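Notes follow once the structure below has been shown.
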Amino acid sequence: MRGEEAKAACPDIQLVQVPVARGKADLNTYRTAGSEVVSILAQSGKCERASIDEVYLDLTDAAESMLADAPPESLESIDEEALKSHILGINREDGDDFKESVRDWICRKDADRRDKLLGCGIIIVAELRKQVLKETEFSCSAGVAHNKMLAKLASGMNKPAQQTVVPYAAVQELLTSLPIKKMKQLGGKLGTSLQTDLGIVTVGDLLQFSETKLQEHYGINTGTWLWNIARGISGEEVQGRLLPKSHGSGKTFPGPRALRSLSNVQHWLNQLSEELYERLSSDLEQNKRIASTLTLHATAFRSKDSDSHKKFPSKSCPLRYGVTKVQEDAFNLFQAALREYMGPFGTKPQGNKKETWRITGLSVSASKIVDIPSGTSSIMRYFQSQSTIPSCSTSGCLQEHVAVTPSASESCSEQKSAETEAAMPPDKDMSITDTSPDLDNSYGNMDMVPEKFTCQDVSCQSNEATEFPTQSGSNKGTQTKTSGQKIKEKSRGMHSVVDIFKNYSAAPRSKQETQEDSTVSLTSNRGSLSSSTSHSSEMNKEVGDRRETEWGYKVGEIDQSVFDELPYEIQREFRSFLRPNKRPNAGKSKGDGSASSGIAHYFPPLKR
DNA sequence: ACGGGTGTGACT
DNA sequence: TAGTCACAC
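Position 146, counted from 1, in the first sequence is what the numbering used here calls 137; the numbers after and before it change by one each time, with no gaps.
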């Protein structure tokens, strides 16, 4: 029920509300909580942060070790928490005997090796959940099974704060009567289609269809995937990734709250950009990562006019570090999208006051996040100073600045940012374009779901951007160059600092599990966010380790002009990373063999 | 059940 | 690469 109803029914009820900052919901409390739990779980095996409160753990190694060194059957006593497990296929009626049956199952000597591993997993997971509870005060639920799909399914079967196990022999029974809509990925349109188009309601029904038949209806990949999951087969690997791949900040403006003026849109974009930037700064500071693409999403409708439900296009551009830069670029992206949305007829000559459009949703997000190799302290400082530089707001400066912004500005030459006020402080900029994939590290993962948050203290969020003042402050200006043209060209050519980073090859993480992983998915509930903070150092450590791997780059990918734009200090630092042996034979970019001009194939001279 | 704020991945 | 769509928490 809604809060109001609840209050009416229970006047003394304690309702917890999501914190608000900058006029919008602030989820940092939850992000921090999630990170705390991940940092604990990641110690035990490969970990994948599946969402803000969910993780998957691949405990294969830990389980195998236990089986080899101290198998359950050799233990004199089994963890009480483990004995509380729900094991599918084992009846646990009356309260006294079931722990015995669980113990028997875990210690069964004649068990299939896979189930013996599961038995170890049960003990490990029980231990982990206790540790999470003790160290964070969050409880969590878990599923222990042979793959992600089954573990996820199981984790939701006994909540809160319990764990469920799927023995190999229980898979069929579990699945046959299970409504397909309960399976991850089938909760939406595909599940509906399966139901209405093929009459499939349960996974058991799905079992009747041949792989070919399913492929005819849903394509090769989806068809095969469906055929497999009906049999409890899921080859999905647990990704070793503890950090999010993107950051976003958005807000909806339902019904009467829809935005109707450019200046209002700009106001909210500024708020959203500010939050986004704060998070980017934390990421840089804590994880040494840089995002390189900024994307603007909006939802809109045009009152009255025909096809008022046309989609508002999303737009993106290179992400430049600096709050005002993000705000500026976001607004420019919006205007570019708006013109496209309104069509050739969107031009101004519309006498009456209010616009014909209504914005019901806005969001800005940052993606293509790459690690900065360890040891690049000057690069860190560079980006930090970038964000520190306040404003030098002069229209002339703005112009130049604009010319430099590739995508976001390409459109901004014309329109009026009139009413918008606020000096747009164009600072020196450095556009970042593109990046490369995730260099995952391998750790375990887990996810928790705070059920009741009693955290009323918004300040428990740990990142105060003291290191990355979001604005104002003295200007260190002169050490970075303000030129525009060169950077613009390099941006066009898609080369920049991040391009260099991206080639830093994630050291082959080896580690190739195959089948029969003990995968765990935990879901937690409840928790009183105590002010526990500094666990951040632990996180840093984890993240730091993987960065020590060597990295290489292709000389051919560094544009001379890009290099020239870098502060001397950074040019020097980069030089230390350059690996002559990686020099390509022919001009190529991104290793895809495509030729590219304007690329230097030699070490750029240091410039001061 | 529904809505808000996020986030990921497939596909074009 | 940019942009859309589906799905999930």
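Glycine included, C-beta positions come from ideal geometry on N, C-alpha and C. Quantities reported herein were computed from a predicted structural model and do not represent experimental measurements.
Which residues DSSP lists as bridging residue i, in chain order
i, result
"isoleucine 350", "Leu250, Ala291"
"threonine 315", "Looking at the DSSP assignment, threonine 315 forms no beta bridge with any residue, so it has no partner."
"leucine 310", "Its beta-bridge partners do not exist; DSSP assigns none."
"serine 240", "Val355"
"lysine 90", "Answer by DSSP bridge pairing: none, since lysine 90 is not bridged."
"alanine -3", "Per DSSP, none; premise fails for alanine -3."
"arginine 610", "The structure shown does not extend to residue 610, since the chain is modelled only from -8 through 599, so no value can be given for it."
"alanine 221", "Beta-bridge pairing links alanine 221 to no other residue."
"isoleucine 78", "Val156"
"threonine 284", "Pro309, Ser358"
"lysine 204", "Beta-bridge pairing links lysine 204 to no other residue."
"valine 11", "Ala16"
"leucine 232", "Note that residue 232 corresponds to arginine in the displayed sequence, not to leucine. For arginine 232, which the question treats as bridged, DSSP gives the partners Glu39."
When the options are compared against residue i, the one with the closest alpha-carbon
i, options, result
"glycine 14", "Glu64, Tyr47, Asn261", "Asn261"
"threonine 155", "Glu(-4), His137, Pro170", "His137"
"aspartate 52", "Gly190, Ala24, Cys111", "Cys111"
"serine 146", "Leu285, Ser132, Gln34", "Ser132"
"phenylalanine 322", "Asp95, Met333, Ser307, Tyr312", "Ser307"
"glutamine 318", "Val28, Ile281, Ser254, Asn82", "Ser254"
"aspartate 284", "Ser358, Phe303, Gln153", "Going by the sequence as given, residue 284 is threonine instead of aspartate. Closest option to threonine 284, Cα to Cα, is Ser358."
"glutamate 72", "Lys236, Gly226, Leu119, Thr286", "Leu119"
"threonine 315", "Thr213, Met140, Lys236, Leu267", "Leu267"
"leucine 679", "Gly134, Thr193, Ser26, Leu108", "What is shown of the chain runs -8 to 599, which leaves residue 679 out entirely."
"threonine 193", "Gly210, Leu166, Glu202", "Leu166"
"glutamate 265", "Pro63, His238, Gly182", "His238"
"glutamate 45", "Ala16, Gly25, Pro63, Asp70", "Gly25"
"serine 356", "Cys98, Arg311, Asp188, Leu109", "Arg311"
"lysine 302", "Asn19, Gln5, Ala(-1), Glu331", "Glu331"
"valine 157", "Lys139, Ile171, Lys172, Pro170", "Lys139"
"glycine 600", "Lys236, Pro170, Leu185", "Nothing can be reported for residue 600, as the shown portion of the chain is limited to -8 through 599."
"isoleucine 31", "Tyr47, Ala16, Asp17", "Tyr47"
"glutamine 277", "Ser240, Leu233, Ala249, Leu181", "Leu233"
"alanine 142", "Ile97, Leu263, Ser225, Tyr209", "Ser225"
"leucine 109", "Ser56, Arg83, Gln163, Glu346", "Ser56"
"tryptophan 259", "Ala152, Arg293, Gly352", "Gly352"
"proline 151", "Ser305, Ser76, Ala61", "Ser76"
"tryptophan 218", "Glu227, Leu198, Gly231, His208", "Leu198"
"isoleucine 114", "Arg83, Asn149, Asn82, Gln153", "Gln153"
Status (buried if at least 16 other CB within 10 Å, exposed otherwise) for residue i
i, result
"lysine 100", "exposed"
"isoleucine 191", "buried"
"alanine 160", "exposed"
"serine 603", "The structure shown has nothing for residue 603, since the chain only spans -8 to 599."
"aspartate 87", "exposed"
"alanine 289", "buried"
"arginine 49", "Correcting the residue identity first, residue 49 is aspartate in this sequence and not arginine. Aspartate 49 comes out buried."
"isoleucine 350", "buried"
"glutamate -4", "exposed"
"threonine 23", "buried"
"glutamine 176", "exposed"
"aspartate 320", "buried"
"lysine 279", "buried"
"valine 116", "buried"
"isoleucine 281", "buried"
"valine 9", "exposed"
"alanine 0", "exposed"
"serine 130", "buried"
"proline 2", "exposed"
"lysine 180", "exposed"
"threonine 203", "exposed"
"isoleucine 360", "buried"
"valine 11", "exposed"
"tyrosine 495", "Legend: pLDDT at tyrosine 495 = 41, less than 50; position of this residue unreliable, value from coordinates given subsequently. Buried, by the Cβ-count rule."
"glutamine 326", "buried"
- Item | Runs of alpha helix (DSSP H) lying entirely within the region 126 to 196, each at least 4 residues, in chain order | 139 to 146, 162 to 167, 180 to 189
Notebook entry, point to check: Which runs of the beta strand (DSSP E), 3 residues or longer, sit entirely within the region 33 to 61?
Noted result: 37 to 42, 45 to 49
If contact is defined by three or more beta carbon pairs under 8 Å, each pair taking one atom from either stretch, is the region 118 to 131 in contact with the region 89 to 104?
no
Quiz item: Are the region 236 to 248 and the region 32 to 40 in contact at 8 Å, needing three or more beta carbon pairs?
Solution: no
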